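Trainee:
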């Protein structure tokens, strides 16, 4: 707005036309589409416009609909609103150029729309209709003044708009090179995909280089197809203008790919998220206990197998929080440690110490004798540590938990997490089964951080030292070996950080096998070789495809994130479905 009353100068029209024609010529023979701002006349009135340039031509002009006329803004002094202006023409350099608000622009197979500055700040922005008519990307040309706190407001506005419209949003403001007589322009630039800022140039940044990144159009299309609340509307009201450029898939990823998509990278955000998740889990359990108690307020006991590992530790913390919420003693929790030959002294000691620190009713029941009796009844030699040897232990523990639950009037709390369910890394009707599964929505890579955050809180101060040692213990089912933690899960099924990455991109974005591998190679560059990623991806695909029968009868448990495996909610397909077609290599 630096030009102010200069917008009325008679030389403006010819200078603008010359500038647009010159810029348009720079796009000839390139893959570039430019969207620039310009004041343009139509029927004797001046309009604040977004102009689309491609393939050496001016493709179309979109006038601003909502004029800012408050505080430091005086747009109505110079401009006329473009509301209702459709299907018109403006002559530039002797050529008719489409002019109106009912335009969408198509580059390759990608459709985008244009709105200007104040348009996005109103209750019903033009971008709402543009996206419902087919726009996948919205470009916003802005002159946003910078004042204290406005940067955060812009970020919230852009990300919430993109998320609500299931679109990508490109926002670019003019910068401090504009006049600073009374205000300073922010220069703020944001590229948002849904509620995620993919790239940003901070307000008042000295770096004037272009902000360049990738947008995953497939993500947008999948979300719109999946979300039945998003409905196409007014499609026929919009004219599609072709930007005659080649748009080819990228050959090199420009943006970073988060190797741990379930885990916030910022420490402050991570602590806030993990605190909230523990609260979600606890409130889910609280409600289940209230439902069982009814009007009697005679709450059930919580029966939990405590192994000294991360998953059962988290389940215990959830149970403790639920008891605190209900204002009942933590001794309501009955923890059972059930060691066998492969159980290590470290995990058993930690289980006992943790139970004492939390204040549970704790007991240790050695199970090796019970396991041996069952194995002998089956004609097993007891020494061969095969699948029967392993699963008999898991089912023996589950049997004891359910029987103790009957004895004390309780419910068995499940400890298995989302990652184990995705891989089927649980014994059917063993640790797979419970009355309520509080960890079913928590991926393994996040479990650690929830426990870590809890260890720093006053609520679990008595258990801090034990929790720290549990966090430092290798992940193991402790079903084979000699009690020295020789059976490490990740050596058998692969790194959980890879499997969590795969399950996130498969279920959140519908990624195919090739996409998962390519993304993992970018995300884990320098950590895993391509061959290693391919190897564990094979394991993931095979296990994920063959283990649905376990997920189809999994116990209740609350959803905590956008990726979940419940057959009653997010993941519905038969146990005998052939998923190879979804996950096979591209030809």
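Numbering (this note's numbering), first residue to last: 31 to 617.
All C-beta atoms in this analysis are idealised placements derived from N, C-alpha and C, irrespective of residue type, glycine included.
Note that this is a predicted model, so its numbers are computed, not measured.
In the DSSP output, what is residue 273 paired with across the bridge?
Mentor: Answer is 137.
Trainee: Beta-carbon within less than 7 Å of residue 68's beta-carbon, same chain only, minus the 5 sequence neighbours each way: which residues are those?
Mentor: Answer for residue 68: 46, 50, 79 and 81, listed in chain order.
Trainee: Enumerate in chain order the residues of its own chain whose CB-to-CB distance from residue 6 is below 6 Å, with the five nearest sequence positions on each side excluded.
Mentor: What the structure shows of the chain is the stretch from 31 to 617, and residue 6 is not part of that stretch, so it cannot be assessed.
Trainee: Pick out whichever of 563, 114 and 256 has its Cα sitting closest to the Cα of residue 523.
Mentor: Minimum Cα distance to residue 523 is reached at 563.
Trainee: Relative to the alpha-carbon of residue 382, which residue among 371, 372, 364 and 397 has its alpha-carbon at the smallest distance?
Mentor: The residue with the shortest Cα to Cα distance from residue 382 is 364.
Trainee: Say whether the region 430-448 touches the region 335-349, bearing in mind that this needs 3 or more beta-carbon pairs closer than 8 Å, one atom from each stretch.
Mentor: Because the criterion of three Cβ pairs below 8 Å is met, the region 430-448 and the region 335-349 touch.
Trainee: Sorted by chain position, which residues of the same chain lie with C-beta nearer than 7 Å to residue 283's C-beta, five sequence neighbours on each side aside?
Mentor: Taken in chain order, the residues that qualify are 244 and 552.
Trainee: Can you tell me where the alpha helix (DSSP H) with residue 267 in it begins and where it stops?
Mentor: Neither: residue 267 is in no alpha helix (DSSP H) and is coded neither H nor E.
Trainee: Please state whether DSSP places residue 366 in a helix, a strand or coil.
Mentor: Strand, per DSSP.
Trainee: Does the beta-carbon distance from residue 199 to residue 172 come in below 8 Å?
Mentor: Taking 8 Å as the Cβ cut-off, residue 199 and residue 172 do not qualify as a contacting pair.
Trainee: Flag this pair as yes or no: are the beta carbons of residue 112 and residue 95 separated by less than 8 Å?
Mentor: Taking 8 Å as the Cβ cut-off, residue 112 and residue 95 qualify as a contacting pair.
Trainee: Specify the secondary structure class of residue 108 as computed by DSSP and reduced to three states.
Mentor: Looking at residue 108 - three-state DSSP - the assignment turns out to be coil, as it is neither helix nor strand.
Trainee: If you follow the beta strand (DSSP E) that residue 151 is in, where does it begin and where does it stop?
Mentor: Premise fails: residue 151 is in no beta strand (DSSP E) and is neither H nor E.
Trainee: Buried or exposed for residue 273, going by 16 or more other Cβ atoms inside 10 Å?
Mentor: So residue 273 counts as buried.
Trainee: Output needed for residue 323: all residues of its chain with C-beta closer than 6 Å, excluding positions within five of it in sequence on either side, in chain order.
Mentor: Result list for residue 323: 329, in chain order.
Trainee: Taking only three categories from DSSP, how would you classify residue 557?
Mentor: Looking at residue 557 - three-state DSSP - the assignment turns out to be coil, as it is neither helix nor strand.
Trainee: Looking at the structure shown, is residue 353 part of a helix, part of a strand, or coil, going by DSSP?
Mentor: In the structure shown, residue 353 sits in a helix (DSSP, three-state: H, G or I).
Trainee: Whole angstroms are fine: how far does the CA of residue 174 sit from the CA of residue 185?
Mentor: Taking the straight line joining both Cα atoms gives about 12 Å.
Trainee: Can you find the residues in the same chain that come closer than 7 Å, C-beta to C-beta, to residue 206, ignoring five residues on each side of it along the sequence?
Mentor: Closer than 7 Å at Cβ, skipping near neighbours: 214, 215, 217 and 234.
Trainee: DSSP state of residue 199, grouped into three classes?
Mentor: DSSP places residue 199 in strand when its eight states are reduced to three.
Trainee: Tell me whether residue 144 sits in a helix, a strand or coil according to DSSP, three-state version.
Mentor: Reduced to three states, the DSSP call for residue 144 is strand.
Trainee: Report buried or exposed for residue 617, applying the criterion of at least 16 other Cβ atoms within 10 angstroms of its Cβ.
Mentor: Its pLDDT being 48, under 50, residue 617 is placed unreliably by the model, and the measurement read from it follows with that caveat. Result: exposed.
Trainee: Can residue 331 and residue 439 be called in contact, C-beta distance under 8 Å?
Mentor: Result yes, Cβ atoms of residue 331 and residue 439 sit closer than 8 Å.
Trainee: Threshold first: 3 residues or longer. Then list the beta strand (DSSP E) segments lying entirely within the region 479-554, N to C.
Mentor: Taking only runs of at least 3 residues, no beta strand (DSSP E) segment lies wholly in the region 479-554.
Trainee: Just to confirm, is the Cβ distance from residue 301 to residue 163 under 8 Å?
Mentor: Cβ atoms of residue 301 and residue 163: not closer than 8 Å.
Trainee: Could you tell me which of 118, 86, 122 and 305 sits nearest to residue 44, measuring between CA atoms?
Mentor: Out of 118, 86, 122 and 305, 122 has the C-alpha closest to the C-alpha of residue 44.
Trainee: Do you know offhand how far residue 257's Cα is from residue 595's?
Mentor: Roughly 18 Å separates the two Cα atoms.
Trainee: Report, in whole angstroms, the separation of the C-beta atoms of residue 327 and residue 458, which I expect to be a contact under 8 Å.
Mentor: Between residue 458 and residue 327 the Cβ distance is about 36 Å, and since that is not below 8 Å, they are no contact.
Trainee: Taking only runs that begin and end inside the region 172-248, name each unbroken beta strand (DSSP E) of 3 or more residues, in chain order.
Mentor: DSSP runs (the beta strand (DSSP E)) wholly in the region 172-248: 198-203, 219-223 and 226-231.
Trainee: Mind reading off the beta-carbon distance from residue 441 to residue 465? Whole number of angstroms is fine, and I expect it under 8 Å.
Mentor: At roughly 4 Å, the Cβ-Cβ gap stays under 8 Å, so residue 441 and residue 465 are in contact.
Trainee: So what does DSSP say about residue 166, is it helix, strand or coil?
Mentor: Residue state, collapsed to three classes: coil.
Trainee: When the Cα of residue 342 is compared with those of 367, 375 and 360, which residue comes out closest?
Mentor: Ranking the options by Cα distance to residue 342, first place goes to 367.
Trainee: Which term fits residue 226, buried or exposed, when burial requires 16 or more other beta carbons within 10 angstroms of its beta carbon?
Mentor: It counts as exposed.
Trainee: For residue 391, name the three-state secondary structure that DSSP assigns.
Mentor: DSSP places residue 391 in strand when its eight states are reduced to three.
Trainee: Would DSSP call residue 72 helix, strand or coil?
Mentor: Strand at residue 72.
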